[in-house]
Every structure is written in C-alpha cells, then in structure tokens.
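Heads up, the sequence shown is in the UniProt record's numbering, so the first residue is 1 and it goes up one at a time.
Even for Gly, the Cβ is constructed at its ideal location relative to N, Cα and C.
For clarity, every value in this text was computed on a predicted model and none was experimentally measured.
Heads up, the thing below is written out as structure tokens.
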Amino acid sequence: MYFKFTLLCALFTSVSAAFSQTTYPKITGYFGVMHPIVTISGDETNVNFRDYYAVGFPTGINIWKSEKIGFSLEIVPNIKDDNGSSKVTNLTFHPGVLVALGKGYSFAGRVAFESGGRYGFTPVFNKTIIKNKTCSYYAAVPLPVRFGNDHTATFTVGFQFGIAF
1 MYFKFTLLCA LFTSVSAAFS QTTYPKITGY FGVMHPIVTI SGDETNVNFR DYYAVGFPTG
61 INIWKSEKIG FSLEIVPNIK DDNGSSKVTN LTFHPGVLVA LGKGYSFAGR VAFESGGRYG
121 FTPVFNKTII KNKTCSYYAA VPLPVRFGND HTATFTVGFQ FGIAF
C-alpha cells in the first residue's frame, strides 16, 4: 500500500509540474547599473568616462498582466563624478509599459520625470542573458530623451545590466 501511495504521489507531482503555467498577474523586481555612454544635445556631445563619470541604479517592479504585456514602475538615483567631486544629480521617476518581444527580448516604453526639473521619455530594449529558477540576468540599451528646465533637448545612448528576481 505504501509503495502505491508513493508512486501515485510521484506521478501526480510530475504531471502537475509538466502542466504548470505562469499565473498572471506576475510580479517581478529588479536592480541594475546603467551607464550613459554618450549624450547629444544641440549645443554639445558629452561622453561618459571621458568628460566625467555618471552612473544610475535603476530599481523597479514589473507587473506582467499577461505573457505579452505589463506595467513597470522604476526609480533611478543618478550619481555624477565631475573633476573629483561626486553627488546625486537627480532621481528619476520612470513608469512605463512592458512588451515581451519573444526569445528573451522585451521593450519598455517609459515616461520620465526627473527631480532636477527635466522630463521626457525612454525607450528601453532588454535581453535576458541568463535565466534560472530564482533569478535572471539581463542587459539593456536605454535611449533617454529629455526636455525642459531651460536646457536644450538631449538624447542619450546607455548600457544597462542587472538582475531580476
């Protein structure tokens, strides 16, 4: 009797695992490091690592409504070191829409509100590099466009990497 019960439990567990599906909404969190590589404006072109060092730390929560679409809420503290003096330059509030593109690729269309008075939008192209049971590692290319605060419009190309869980 014990053998039959054990066999039945093992069979039930393997069958349910084979048919298990992700339940939606699905909530995930993430933390990353973002380096703006080059920033272009009407006045000048600035290159990170050459003219100064800037880094952001995107931290957020993704709420996937389905396998294809979701909502993301991100906050990014930005730090800049210029001529040996470093400080937090601003905090970006960055909500947006997520679209799964397949094969580990996704797109985030974000609006941006910076504590320094600028605003804009940021399209982000993501790729999951390594995925396991408890977390995944990703790389992304954010393309921030910013306006306002009596500055010319800017376009930045960045590189981001991080962990999602």
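What did DSSP end up calling residue i once you bin it into helix, strand or coil?
{"i": "L91", "result": "strand"}
{"i": "L101", "result": "strand"}
{"i": "G117", "result": "coil"}
{"i": "H35", "result": "strand"}
Assuming residue i and residue j are in contact, meaning their beta carbons sit under 8 Å apart, how far apart are those beta carbons, in whole angstroms?
{"i": "residue 166", "j": "T122", "result": "Past the boundaries of the shown model lies residue 166; the chain is included only from 1 to 165, so the question cannot be answered."}
{"i": "V157", "j": "A140", "result": "Actually they do not touch by this definition, with Cβ atoms about 12 Å apart."}
Using a Cβ-Cβ cut-off of 6 Å (strictly less than) and excluding sequence neighbours within five positions of residue i, which residues of its own chain qualify?
{"i": "R146", "result": "R118, G120 and T154"}
{"i": "I27", "result": "I63"}
{"i": "I130", "result": "Y137"}
Keeping to the same chain, check which residues put their C-beta closer than 8 Å to that of residue i; ignore five residues upstream and five downstream.
{"i": "G32", "result": "F57, P58, T59, Y138, A140, Q160, F161, G162 and I163"}
{"i": "A112", "result": "T92, F93, H94, R118, Y119, G120, F121, T122, P144 and R146"}
{"i": "E67", "result": "T22, Y24 and A100"}
Between the options, which lies nearest to residue i when the distance is taken from Cα to Cα?
{"i": "residue 191", "options": "P142, G84, K80 and I69", "result": "Residue 191 is absent from the structure shown; the chain starts at 1 and stops at 165."}
{"i": "G96", "options": "S86, A108 and N126", "result": "A108"}
Using the C-alpha atoms, what's the distance from residue j back to residue i?
{"i": "S136", "j": "N126", "result": "12 Å"}
{"i": "D43", "j": "D51", "result": "15 Å"}
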